[in-house]
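Novice: Under UniProt numbering, residues 1 to 121 are what the sequence shown spells out, in order. Following this message is one structure expressed as structure tokens.
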Amino acid sequence: VRLGCGAGGAAEVKRHPFFRTINFKRLEAGIMVPPFVPDPRAVYCKDVLDIEQFSTVKGVNLDQTDSDFYAKFATGSVSIPWQNEMIETECFKDLNVFGPSGTRSPDLDWQRLPEPPKRSL
């Protein structure tokens, strides 16, 4: 479950000892200065060269036991070169179908009644 999205919601996060010095009522009312204000011009992420196309994690070495364990899962992950090839060859281009003038495709319009199924012989 994503942090703050469980049954306790944001209140669960606010109760964490890390935030014990923060008076959230004063903060939400604008009376208190936030302990951290991100700079809107700053980039808070790793350098793109450190990410390495999300295919490796620095400092983590997997052994055969790990490989055997993860081989049991269908992760759906696909290598970056394969993804690039699929994009370049436009093999999924026919899936990008829109209605007239770029509107939603009729089969995706939730306000329309679906067509009745065709009867076979």
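Note that the Cβ used here is the ideal one computed from N, Cα and C, for glycine as well.
Measuring only the C-alpha atoms, how far is Ala11 from Cys5?
Specialist: Counting from one through the sequence shown, the residue named residue 11 turns up at place 11. Counting from one through the sequence shown, the residue named residue 5 turns up at place 5. Their Cα atoms are separated by approximately 10 Å.
Novice: Tell me which same chain residues have a C-beta within less than 6 Å of the C-beta of Ala42, skipping the five on either side of it?
Specialist: The sequence position of residue 42 within the sequence shown is 42, counting from 1. For Ala42, where only same-chain residues beyond five positions count, there are no Cβ hits under 6 Å.
Novice: I'd like the ranges of any alpha helix (DSSP H) spanning at least 4 consecutive residues and lying wholly in the UniProt region "Disordered" (102-121).
Specialist: Taking only runs of at least 4 residues, no alpha helix (DSSP H) segment lies wholly in the UniProt region "Disordered" (102-121).
Novice: For Pro38 and Asp63, what's the separation of their Cα atoms in angstroms?
Specialist: Here residue 38 refers to the residue found at position 38 when the sequence shown is read from its first residue. Here residue 63 refers to the residue found at position 63 when the sequence shown is read from its first residue. Spanning the two alpha carbons is a distance of roughly 39 Å.
Novice: Relative to the alpha-carbon of Arg20, which residue among Ile31, Pro35, Gly102 and Ala29 has its alpha-carbon at the smallest distance?
Specialist: Stepping through the sequence shown from its first residue, residue 20 is reached at position 20. Selected option, being the one with the closest Cα: Pro35.
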